[in-house]
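*Asks:* If you count the sequence shown from 1, you need to add 2 to reach our numbering.
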Amino acid sequence: MSFIDPSSLRLCFQMLFQSGSVYRDGRAKSFEANRVESRDYARARFAVMMVAAFPGNTPGEIAEAAAKSCGVSKRQAENWLKCDSSPAFEHVLVVGTILGIWKTMEIMTLDGRSREDVAAMIGQRKGRS
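Structure (structure tokens):
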């Protein structure tokens, strides 16, 4: 016995994954990120999260505390602080958990940018030469 009508499931699938579809409020569902811009933005925000989560007098002290909590080497944590490498999502979760959701979201929107502002900043710019 099936609780989901196959035609309803098909309709839901089409609505979710149809190319060029829009949300109820008219926003486009598709979004193409500029990989470099989004990477740099994410790395910078994570570095700020680390400084907030692991107070220290020097980058070395911050990196040491972060490395211990995240289960990585001090060198890896130093690379995150310098924005030289990206953390895995599990490490973002660890640091975010230490900070709490409100502080994490405050850091993510530190400069007062809205979701639309960030999307415009990290989105692909069509027609570049």
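Yeah, the Cβ is synthetic: ideal placement off N, Cα and C, and Gly gets one too.
#1: Just to confirm, are A90 and A79 a CB contact at a threshold of 8 Å?
#2: Per DSSP, what are the beta-bridge partners of A79 in this structure?
#3: Give a yes or no on whether the C-beta atoms belonging to R47 and I109 are separated by under 8 Å.
#4: Below 8 Å between beta carbons: does that hold for L101 and A44?
#5: For A35, which residues does DSSP report across the bridge?
#6: For my contact list, I64 and M52 are in at a C-beta cut-off of 8 Å; report their separation, rounded to the angstrom.
*Replies:* In terms of the structure at hand:
#1: no
#2: BP columns for A79 are empty, so no partner.
#3: yes
#4: Against a cut-off of 8 Å, the Cβ pair of A44 and L101 comes out as no contact.
#5: G125
#6: 6 Å
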